[in-house]
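Here the protein sequences come in this chain order: A and B.
Residues -11 to 355, numbered by this note's numbering, are exactly what the first sequence covers, in order.
Residues 964 to 1254, numbered by this note's numbering, are exactly what the second sequence covers, in order.
Everything below concerns the one structure shown next.
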Amino acid sequence: MKTFIKKTLAATVAALALSGAAQAQDALKIGLVAPIKTIGGEEFQRGADLAAEMINEAGGVGGSPIELIAYDDGYEPAQAVSAGRRLFSEDGVKLIVGGYNSAVAVALLQVVQQNQGVMIAAPAIHPDITKYERGFRTNFTLAQNVLALRQFVDAVDPEARIAIIAENGDYGRLVSGLLEKEFGDQVVESDLYEIMAQTDFSSIATRIKEQNPTLVAGVWGATEQGAAMMRAIREAGIDATLFPMPGNLTPQLIGLASDTMEGAYSADIWDASLQNDANVAFVEAFKAKFGETPGKLSFLGYEAVDLMAHAVTVAGSADDTDAIAAALRDGEFETPRGTLDFVDNQATANGNRLVEVVNVNGTIQAR
Amino acid sequence: MQWKIRMLLAQQIVNGLSIGLNYALIALGLTLVFGVLHVINFGHGQVVMIGALAALYAAELLNLPYVLTLPVAAAAAGLLGVVLHLAAVRPVVRRRDGHQDVLLTTFAAGLLIHEAVLASRGPAPARFDGIPGVLHVGPLMLTNQRLFIIIVAGLTLLALLYLIRMTRFGNELRALAENEFAARAVGIDTGKVILVTFAMSAAIGGLGGALLAPLSAFSPNIGQGALMTAFVIVVAAGLGSVWGTVAFAALYGILESVLSLTFDQGMASATVSGLMLLILIARPNGLFGKA
């Protein structure tokens, strides 16, 4: 009896191992490297997971299911490099999505180049990313970012007195510097705050109030700090129009800052209310799975995996990374933002769409 | 114009006082433990976070009004303080180099708590409403939450003063802080005093977390920043000095707030840190520490 049980167990283990090996061989492996223990990284991963799930339900890529292998980069370039090496050497991955933060994306791209892989660095905005022939970028460009506020000011408040509040990092400094250059004397106050370390924004709000602005533009990476800042602005009695810069006006921000955000504006390359088929399918599936409207980072994660899957289909092989990169570079794709193609590895977008928060339930509508 | 500058200054002092007293509650936990055991509890930041999380859950799941979530926060954090002491401090502190080992064991325990919270509820921050409304006094304004922080911090400090100066436990605690061997020799149950001090420190830290969260939002990372600020305050004030910690925390908050009128926030923080460096050079035991 004991021998029978042993043999049965051994056979089961062997069968499981074989089926696992077969599945691993069949799967199209895509690496995901992002700060997945932060809210932004988690949002990005949710979108990527959903795309993989939807593609797999529809039969996979050429019959192969997508297997996402995720690693945390903790916002640290060194951690991202280590994750990249592991993906290539241990996990047998050649395609990566990620690039939540520019410094991390550039570091990871070195590993991608050395290993002849392909990477879509979706959220990162640094222009150097597209200097790598195997690095692709899908978020807005810095010029689009500044243009978003320019279009709003010209249309709504040409004489605006602008206060800028930005996180004290590469991204915040870069964007606030460009805004100061673009708007010159119209910028009446420009402040930086400490990323993650700062919880109290009353002092900055007091400074801003003194300048009597009509518009407050915010640039942040951490949603909780953005929400605290927006609340502090209102608590200080400042009734200026709030304009979170592209990518910052998310359902999570509205959930945290609540009625403070009513009437706030922003603009971006994508928003959840777009009515094309691809976006409707994405938004509905996201709501069904997670019970909430997707934010920009979820869209970027979703789009990156979807683009990679399409490129593999066009290339006709998951191993020929030259062909996959060429497919991205030369192709035209229907994604939730509309029609997209790459010019010099940078995704072109449809231009900015102005959006307004119409109520505290988190409804963001295109204007 | 002079009047306007004076009002602006007064506004920043009020802003700074409220956040400074909140820092004080968090920093007190570190300094009380150092006073009796001469160790730094690097898990204290996560105790602060658990206090805020317990208050958030009490509000969301039990529908308790914000004020009643504060005792829940203190109780949960106090309990965690006891666990931290039993699991990460008591087993190692009596060893040779045990005081250095405690830095690592409490840090590791804090990391475990942080990862456990991340794994169970994810990294997403949560909105946590405190006391609503804004108080206007002439041109000055203060949100009711900030006013509440000042009141609760003040009452907590008075209670602590009473406990340390007027009760038997306070006498035992002071005797232990002075000389553990002598305290044991006169029959004080030092183990019990240390355990209660850990629980009390954690409870005050948890209360600090529950007061801090409504100023921004609850985030699993709320304790990390708080620990760094609290650590800087207790070192510059003088490790183990309770009243020095409170005074310096208030000064820290006010100074940072007032300096931000002229500098950006990063430069204001850097200037305060520079001042602390000068303090430590001039007075190695801190501003209020014993020479």
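Yeah, the Cβ is synthetic: ideal placement off N, Cα and C, and Gly gets one too.
- Cβ-Cβ separation between B:VAL996 and B:VAL1002: approximately 7 angstroms, consistent with a contact (criterion under 8 angstroms).
- The continuous alpha helix (DSSP H) containing A:PRO239 extends over residues 239 to 245.
- The three-state reading of DSSP puts A:PHE128 in coil, since its state is none of H, G, I, E or B.
- The DSSP-derived three-state label of A:GLN199 is coil.
- Remark: C-beta atoms of B:ILE1013 and B:ILE1076 approach each other more closely than 8 angstroms.
- Chain order gives the chain B residues near A:ILE27 as PRO1086, ALA1087 and PRO1088, where near means a beta carbon separation below 7 angstroms.
- Neighbours of A:ASP179 across chain B, judged by C-beta separation under 9 angstroms: SER1223, ASP1227 and GLN1228.
- Residue environment analysis places B:PHE1144 among the exposed positions, since fewer than 16 neighbouring C-beta atoms fall within 10 angstroms of its C-beta.
- Counting only the Cα atoms, B:GLY1006 lies some 42 angstroms from A:ASP294.
- Rounded to whole angstroms, the gap between the alpha carbons of B:THR1069 and B:SER1204 is 21 angstroms.
- Here A:VAL204 is near A:ILE221, since their CB atoms are less than 8 angstroms apart.
- Look at the stretch 65 to 146 of chain A and you find these whole runs of beta strand (DSSP E), each 3 residues long or longer: 83 to 86, 106 to 109 and 123 to 125.
- Inclusion of B:ASN1004 and B:LEU993 in the CB contact set at 8 angstroms is warranted, their separation being smaller than that value.
- Beta-bridge partners of A:PRO232 (DSSP): A:GLY206.
- A distance below 7 angstroms between beta-carbons, with the five flanking residues on each side excluded, links B:TYR1215 to the following residues of its chain, in chain order: GLY983, TYR986, ILE1196 and VAL1235.
- Around A:PRO65, the same chain offers ALA91, VAL92, VAL94, ALA95 and LEU96 as residues with beta carbons nearer than 8 angstroms, after the five sequence neighbours per side are excluded.
- DSSP, reduced to helix, strand and coil, places B:THR1119 within a helical segment of the structure shown.
- For the C-beta of A:GLN240, the chain B residues within less than 9 angstroms are, from N- to C-terminus, ALA1087 and PRO1088.
- If you draw a straight line from the Cα of A:GLU30 to the Cα of A:THR126, it comes to about 18 angstroms.
- Neighbours of B:LEU1081 in chain A, taken as residues at a C-beta separation under 8 angstroms, are given in chain order as LYS25.
- A:GLN186 has its alpha-carbon roughly 16 angstroms from the corresponding atom of B:GLY1171.
- For A:GLU320, the uninterrupted beta strand (DSSP E) segment begins and ends at 320 to 323.
- Closer than 8 angstroms to the CB of A:THR194 there is at least one CB belonging to chain B.
- Under the three-state reduction of DSSP output, B:ARG1057 falls in the coil class, being neither helix nor strand.
- Following the DSSP letters along the chain, one finds B:SER1223 in no beta strand (DSSP E), marked with neither H nor E.
- A buried status is given to B:THR1208, since no fewer than 16 other beta-carbon atoms sit within 10 Å of its beta-carbon.
- Put simply, the CB of A:LEU244 is near chain B, with a gap under 8 angstroms to one of its CB atoms.
- DSSP places B:MET1230 within a helical segment (H, G or I) once states are collapsed to three.
- Neighbours of A:GLN186 in chain B, taken as residues whose beta carbon is under 7 angstroms from its own, are GLN1228 in chain order.
- B:VAL1221 places its beta carbon 8 angstroms or farther from that of A:GLU223.
- Pairing A:PRO234 with A:ALA255 gives a Cβ-Cβ distance under 8 angstroms.
- Against chain A, a Cβ distance below 7 angstroms from B:ALA1180 picks out GLU212, ALA215, ALA216 and LEU244.
- Here B:ILE1127 is near B:LEU1136, since their CB atoms are less than 8 angstroms apart.
- Only residues of its own chain outside the window of five on either side were considered, and among them ILE27, THR211 and GLY283 have a CB closer than 7 angstroms to the CB of A:GLN240, listed in chain order.
- Contacts between B:GLY1188 and chain A, judged by CB atoms closer than 7 angstroms, involve MET184, ALA185 and THR187 in chain order.
- Between the stretch 163 to 174 of chain A and the stretch 193 to 202 of chain A there are fewer than three C-beta pairs closer than 8 angstroms, too few to call the two in contact.
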